[in-house]
Amino acid sequence: MGGWKITKPLDPPEVWGAGISYEAARGRYTEDVKDKGMTIYDMVYNAERPEIFFKATANRCVGHMEPIRVRSDSSWTLPEPELGVVLSSSGRPLAFTVVDDVSARDIESENPLYLPQSKIYAGSCAVGPFLVTPDEVGDPYSLEVNLRILRGGKEVFSGRTNTSRMRRRIDEQVKYLTRDNPVPDGTLLSTGTGIVPGRDVDLREGDVVEITIDKLGTQVTPVVKGKG
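So the sequence shown is numbered by the numbering used here: it starts at 26 and just counts up by one.
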């Protein structure tokens, strides 16, 4: 018999994402867009309505130790470590998990209308390694989030934040996600990132991404480039 393998803890029928949900996260995004002055990121940072976007389906997701992908037409793709929330069809949180909202930042920054192409492709979303129930997590706004990118076994980037810095709370995100938009049981909401590396960092074939969130474990994914 072969060895055991940890893979996705669930096959989410839908994955949705939230953007610009952390304090100061807009600053890095604003630096990367071509517009000058007030940008769409500045505008949504203070707007009543949060950014909510469709991210993935189950066949576009990978699990712990499975490869995430850089699009074949992207030269600047980044991991986005995020707290994931598994929802019931009524919007009730069922579990929490680690999510990597892999994003082709060069495509998004070229034109905001390219956001779906930046976000939605094979291997663009990593989930797991575990699902942890709300009673085990306790306060979801006190979790440390750590990101490491390894290249040839050496660390080329590290960053950290804490979910206490979330400006857009989970209930607010869920309210807008489910408004006039029925979601099935098991829908996964990725609640946004507070770690956004700059242009001097990019994912390359052979890199390894490590994301650790308190109480949720460490997700490790190798990086490949090209078609899924």
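The C-beta atom is built at its ideal place from N, Cα and C for all residues, glycine as well.
The three-state reading of DSSP puts Met191 in strand, counting E and B together. Between Arg96 and Tyr146 a beta carbon distance of about 6 Å is seen, short of the 8 Å cut, so the two are scored as contacting. Non-local C-beta neighbours of Asn171 in its own chain, meaning closer than 6 Å and more than five positions away in sequence, comprise Arg185 and Thr237, ordered along the chain. For the 8 Å CB-CB criterion, Trp101 and Arg74 do not form a contact.
For the options Glu230, Thr243, Lys200 and Gly242, the alpha carbon positioned closest to that of Ile77 is the one of Lys200. Proximity to Lys179 across Val234, Thr203 and Leu103 peaks at Val234, based on C-alpha coordinates. For Leu168, no alpha helix (DSSP H) encloses it, and the DSSP letter there is neither H nor E.
In this structure Lys144 is in contact with Gly42, their Cβ atoms being roughly 7 Å apart against a cut-off of 8 Å.
In this structure, Asp196 is the residue among Val124, Thr64 and Asp196 with its C-alpha nearest to the C-alpha of Gly116.
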